[in-house]
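So the structure is just underneath, and the comments pick up after that.
There are 2 protein chains.
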Amino acid sequence: MIDALLLPLLLQAAPVAAAAALLPSDPLPGDWRAIPDDELLVMTLAGGGTVTIRLAPAYAPRHVANMLALARARWWDATSIYRVQDNWVVQWGGAPTDAEEKPLPAGVAKSPVAEYDLPGAFHGVSIGADPYAGRTGITADSWAVGGSADGRRAWLAHCYGTVGVARDAAPDTGSGAELFMPLGGSARRLDRNYTIVGRVIDGAGQLSGLPRTAAPGGVYLIAAERTPIVSVRLASDLPAVGRPHWQYRSADNPRFAAMVALRQSPKGMVALGGIDVCDVPLGVRRAQ
Amino acid sequence: MIDALLLPLLLQAAPVAAAAALLPSDPLPGDWRAIPDDELLVMTLAGGGTVTIRLAPAYAPRHVANMLALARARWWDATSIYRVQDNWVVQWGGAPTDAEEKPLPAGVAKSPVAEYDLPGAFHGVSIGADPYAGRTGITADSWAVGGSADGRRAWLAHCYGTVGVARDAAPDTGSGAELFMPLGGSARRLDRNYTIVGRVIDGAGQLSGLPRTAAPGGVYLIAAERTPIVSVRLASDLPAVGRPHWQYRSADNPRFAAMVALRQSPKGMVALGGIDVCDVPLGVRRAQ
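If you read the protein sequences in the order shown, they are chains A and B. Quick note on numbering: the working numbering labels position 123 of the first sequence as 111, and the sequence is numbered without any gaps. Quick note on numbering: the working numbering labels position 7 of the second sequence as -5, and the sequence is numbered without any gaps.
Dropping the structure here:
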């Protein structure tokens, strides 16, 4: 049976006819900008699946610097995805074979200050207020953000696919070695409480489709339930041949704003009034 | 490593000490109310997992009446979960062995009028406005709802675990035979566009943990990828011995309001300001 939920997605996936006119919401070629190879983390899982993370050095420089050092030290290799809590988070980076914590490599700060509340306003497309922020929007460089109504503070927002830094109770106790990704209905209550270091731009389903466990906190009790992480590498450290390249769709242009407006008032549906900042599609594509 | 994301959940799961004083946010015994057995749908999947759905006859009477007839006719038996689109929906009720549509049993209306925009205000706990509704809240009988600011319209909200009626383009083309459950970051844009017939109160992870597919719209291309549905039964049609009984936590009491307030300002965290209506935990428990 065909259903309306399915149709828009199939249409989206259909190839654009050669002669089709551009819509005001379609990106122009120049709207696509390169993600630097040293801001792309490629995580390879047992079984061969890969998860690609775009890092956010402009927003969490200390934690991202840690992550570069961790990747180069191959610290994550042979760790695992050890927690999948339904409607909440998937978490990885533990050392499954050790009861003890795995020592951090040289050059990795154990307690960088938290980086989840940034001075200044964001620039890009404004989406509106919501229960968690006086303003929300998408930055020019394509990050979902919240901000104070007075424009003096801003922060990256926890959406599906966001990569955050797990930590102990104190805000400065996450190094970036242990990471989580929200996979459920809402994780916005983590905004301004956890440092966001990036977002999954490809392969998020490899994480969200993992089996749930009834164990407390979603932490697999049996080692065999965990998904081994084979390797985590910066794209810039991979051989030039076969290295992945990605682009993001920039938001500081009227095409992006038109797409958001269309999303708020979809054709053939009751107009929504507004939209959740996490429900704005942040385009990415592979570069040639 | 212990992390703060994990701790509250572990504490939640810990048994309450016998001598512990009740907090203002703790439910009293009378706050728990029975869900009638004929408002509980038990779906058994291949492999033995079960998914329990609380039906919403007060909000979508025509579609729920259809579903009772479908369950009694065993219409869903040997259908399947045939769609799992990452960060969007899981969908079931198709007839995997037929290219044709499976005929509906006698007594099932093919085109009931849509039931997603209801006259009147809701009563319960008010949560506040959000991008999709002038008001939101939890009804006394524990449903997440949106409503117009003037209190003249209300509707059930699409949250993680909500069960909705898939349909063709026209609003009255869903019978309740094909159903979907949102599993991703936000499905609120479906509010006032799709009829909600219930919500999963147990076993949602059996659906959200299914493998994703890269196929268009998340529809498995290979029959073997689908998860067979063994049976779908009303609890009231199951043998009395072993029949499941469930209760919901009512929201028309100060304990529930205190719990929401606590959720908005969690201990040890930056206060959130507000909360998304889909992020309010709707308590359920098995009755003795």
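For every residue, glycine included, the Cβ atom is placed at its ideal position computed from N, Cα and C. Keep in mind the model is a prediction, meaning the values are calculated, not measured.
Check: Output the boundary residues of the alpha helix (DSSP H) element that contains Ser196(A).; Outcome: 192 to 196
Check: How is the beta strand (DSSP E) around Leu209(A) delimited, first residue to last?; Outcome: Where Leu209(A) is concerned, there is no enclosing beta strand (DSSP E), given that its DSSP letter is neither H nor E.
Check: Mind checking Asp179(A): buried by the 16 CB within 10 Å criterion, or exposed?; Outcome: buried
Check: For Ser219(A), list the residues DSSP reports as bridge partners.; Outcome: Thr32(A)
Check: Sort out for me which residues DSSP pairs Trp63(B) with in a bridge.; Outcome: DSSP output for Trp63(B) lists no bridge partner at all.
Check: Quick one: any contact between the region 66 to 82 of chain A and the region 192 to 201 of chain B, if contact means 3 or more CB pairs under 8 Å?; Outcome: yes
Check: How big is the Cα-Cα spacing for Tyr236(A) and Gln235(B)?; Outcome: 47 Å
Check: When you compare only the Cα positions, how much space is there between Glu27(A) and Arg21(A)?; Outcome: 13 Å
Check: Could you list which residues in chain A have their beta carbon closer than 7 Å to that of Tyr120(B), in chain order?; Outcome: Leu260, Gly261, Gly262
Check: How is the beta strand (DSSP E) around Arg42(B) delimited, first residue to last?; Outcome: 38 to 43
Check: Would you say Gly135(B) reaches chain A, if we count a Cβ-Cβ gap shorter than 8 Å as a contact?; Outcome: no
Check: Under 8 Å, Cβ to Cβ, is there at least one residue of chain B near Leu58(A)?; Outcome: no
Check: Starting from Met257(A), follow the beta strand (DSSP E) in both directions and report where the run begins and ends.; Outcome: Per DSSP, Met257(A) belongs to no beta strand (DSSP E) and is neither H nor E.
Check: Any beta-carbon of chain A closer than 8 Å to the one on Ala275(B)?; Outcome: no
Check: Just reading off the beta strand (DSSP E) that Ser13(B) is part of, what are its end residues?; Outcome: It is not in any beta strand (DSSP E) - Ser13(B) carries neither H nor E in the DSSP assignment.
Check: Output the boundary residues of the beta strand (DSSP E) element that contains Tyr236(B).; Outcome: 234 to 237
Check: Quick one: residues in its chain with C-beta nearer than 8 Å to the C-beta of Ala59(B), no 5 flanking neighbours on either side, listed in chain order?; Outcome: Leu29, Val220, Arg221, Leu222, Asp225
Check: What do you reckon, is the C-beta of Val185(A) under 7 Å from a heavy atom of the ligand MG?; Outcome: As far as ligands go, the structure on display features none, and thus does not contain the ligand MG.
Check: Please state whether DSSP places Pro269(B) in a helix, a strand or coil.; Outcome: coil
Check: Between Leu298(A) and chain B, is any beta-carbon pair separated by less than 8 Å?; Outcome: Residue 298(A) cannot be examined here, being either before or after the span of chain A that is shown, -11 to 276.
Check: Which of the three DSSP states is assigned to Val52(B) in this structure?; Outcome: helix
Check: Consider the Cβ of Asn54(B): report whether some Cβ of chain A lies at a distance smaller than 8 Å.; Outcome: no
Check: For the region 168 to 185 of chain B, list every residue whose C-beta sits within 7 Å of some C-beta in chain A, in sequence order.; Outcome: Phe168, Gly172, Gly173, Ser174, Arg176, Arg177, Arg180, Asn181
Check: I'd like to know whether the C-beta of Asp138(A) is nearer than 8 Å to at least one C-beta of chain B.; Outcome: no
Check: Nearest-angstrom Cα distance between Gly149(B) and Ala249(A)?; Outcome: 27 Å
Check: Per the DSSP calculation, Leu167(B) is bridged to which residue(s)?; Outcome: Trp80(B), Val153(B)
Check: Which of helix, strand or coil does DSSP assign to Gly18(B)?; Outcome: helix
Check: Measuring CB atoms only, is the region 133 to 141 of chain B touching the region 108 to 119 of chain B, in the sense that at least three cross pairs come out at less than 8 Å?; Outcome: yes
Check: Judging by CA-CA distance, which residue of Lys98(B), Phe244(B), Ile126(B), Gly95(B) is the nearest neighbour of Val265(B)?; Outcome: Ile126(B)
Check: Hey, does Met31(A) have any beta-carbon neighbour from chain B nearer than 8 Å?; Outcome: no
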